[in-house]
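Numbering (our numbering), first residue to last: 524 to 774.
1) Per DSSP, what kind of secondary structure is residue 758 in: helix, strand or coil?
2) Cβ atoms of residue 657 and residue 595: under 8 Å apart, would you say?
3) Which residues in the same chain as residue 684 place their Cβ atom closer than 6 Å to its Cβ, once the five residues preceding and following it in sequence are excluded?
4) Under the three-state reduction of DSSP, which class applies to residue 723: helix, strand or coil?
5) Within the continuous beta strand (DSSP E) that includes residue 570, where are the two ends?
6) Quick check on this structure: which residue in 733, 597, 588 and 654 has the alpha carbon closest to the alpha carbon of residue 711?
7) Please confirm if the segment 750-766 is in contact with the segment 724-736, defined as three or more CB-CB distances below 8 Å between the two stretches.
8) In whole angstroms, what is the alpha-carbon distance linking residue 699 and residue 750?
9) Tell me where the beta strand (DSSP E) around residue 562 begins and ends.
10) Say whether the segment 564-571 touches the segment 643-652, bearing in mind that this needs 3 or more beta-carbon pairs closer than 8 Å, one atom from each stretch.
11) Taking 8 Å as the threshold (beta carbon to beta carbon), is residue 712 in contact with chain C?
12) Have a look at the DSSP bridge pairing and note the partners of residue 654.
13) Mind checking whether residue 642 and residue 608 have CB atoms under 8 Å apart?
14) Tell me whether the beta-carbon of residue 688 lies closer than 8 Å to the beta-carbon of residue 583.
15) So what does DSSP say about residue 766, is it helix, strand or coil?
16) Let me make sure I understand the geometry here. Which of 718, 693 and 713 has the alpha-carbon closest to that of residue 682?
17) I'd like the span of the beta strand (DSSP E) that includes residue 602, first residue to last.
18) Are residue 523 and residue 697 closer than 8 Å when you measure CB to CB?
19) Leaving aside the five residues before and after residue 745 along the sequence, list all residues of the same chain whose C-beta is less than 8 Å from its C-beta, in chain order.
20) Could you work out which residue in 752, 600 and 565 is closest to residue 676 when comparing CA atoms only?
21) What is the C-beta distance between residue 708 and residue 621, in whole angstroms, given that I count them as a contact (C-beta under 8 Å)?
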């Protein structure tokens, strides 16, 4: 379709402008591309940048917190495609996080705090560029001592001169079938809250993955049982967004 070619051409122009080349991943339909990005390590932070920053454009930052296997990597790719303006009918899918299918679901793909920066697509769907902070998977195979290390890395990220100085939203990533929050996840979530204070409560939303589109009763009950403070709607219920985690699968 015309829209498909428009999006593909736009991405190719972004590559040319930033001296990138795309990587096609054999996948059937939709066609999947792994973005070639600029990667740099700053202290204990790994930064992945796609596109060129325009200092005259607004940038917003989302911090993701979730357990290993919750689907954060797929969620980040979904946010990328939404930001770029990719639609279901376009038949293409772009990845900024390489999803390794040979890894066990309980084994986190990331061990460092990752910062993903997406520039050059302002006004496609969002009026700003997007920065996504991905914390390593918490709980399951990790210990509290490890979580303390991650908390320190987040602290360093927000306090360093070239780090991130404002968070506009915190996404608590949970599977729709989760019926409880682990002690480790609650511990880390409380630690993140201590960095910013109560002012952040209204910016916390639940990002429900592996969803079938129905109301995620189990996950919402788990939030309530853990007494998680978050944004509420008009009915005083937690604000949540649903993701099915299969956008890039063969159709």
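Heads up, the beta-carbon is just placed ideally off N, CA and C, and yes, glycines get one too.
Checking against the coordinates, here is how it stands:
1) In the chain shown, the residue the question calls residue 758 occupies position 235. Coil at residue 758, not helix or strand.
2) To locate residue 595, count along the chain shown from 1; it is residue 72. To locate residue 657, count along the chain shown from 1; it is residue 134. Against a cut-off of 8 Å, the Cβ pair of residue 657 and residue 595 comes out as a contact.
3) In the chain shown, residue 684 corresponds to position 161, counting from 1. Closer than 6 Å at Cβ, skipping near neighbours: no residue.
4) Reading the chain shown from its first residue, position 200 is the one you call residue 723. Three-state DSSP puts residue 723 in a helix.
5) Residue numbering aside, residue 570 sits at position 47 when the chain shown is read from its first letter. Counting along the chain, the beta strand (DSSP E) containing residue 570 begins and ends at 568-573.
6) As a position in the chain shown, residue 711 is number 188, starting the count at 1. For residue 711, the nearest C-alpha among the options comes from 588.
7) yes
8) In the chain shown, counting from the first residue as 1, residue 699 sits at position 176. In the chain shown, counting from the first residue as 1, residue 750 sits at position 227. For residue 699 and residue 750, the distance between alpha carbons rounds to 18 Å.
9) Taking the first residue of the chain shown as position 1, residue 562 is located at position 39. Start and end: 561-565.
10) no
11) Within the model displayed, chain C is absent; a lone protein chain is all it includes.
12) The residue given as residue 654 occupies position 131 in the chain shown. 584 and 640.
13) Residue 642 sits at position 119 when you count from the first residue of the chain shown. Residue 608 sits at position 85 when you count from the first residue of the chain shown. Not in contact: residue 642 and residue 608 (Cβ atoms no closer than 8 Å).
14) Here residue 688 refers to the residue found at position 165 of the chain shown. Here residue 583 refers to the residue found at position 60 of the chain shown. Not in contact: residue 688 and residue 583 (Cβ atoms no closer than 8 Å).
15) Within the chain shown, the letter at position 243 stands for residue 766. Coil, per DSSP.
16) As a position in the chain shown, residue 682 is number 159, starting the count at 1. Nearest C-alpha to residue 682: 718.
17) Position 79 of the chain shown, counted from the start, is the residue given in the question as residue 602. Counting along the chain, residue 602 falls outside any beta strand (DSSP E), though it belongs to the alpha helix (DSSP H) covering 595-607.
18) Because the chain spans 524 through 774 in this model, residue 523 falls outside it and cannot be assessed.
19) Numbered from 1 along the chain shown, position 222 holds the residue referred to as residue 745. Cβ neighbours of residue 745 beyond the five flanking positions: 697, 701, 702, 703 and 704.
20) By 1-based counting over the chain shown, the position of residue 676 is 153. Checked all of 752, 600 and 565; the closest Cα to residue 676 is 565.
21) Numbered from its first residue, the chain shown carries residue 708 at position 185. Numbered from its first residue, the chain shown carries residue 621 at position 98. 25 Å between Cβ atoms; not a contact.
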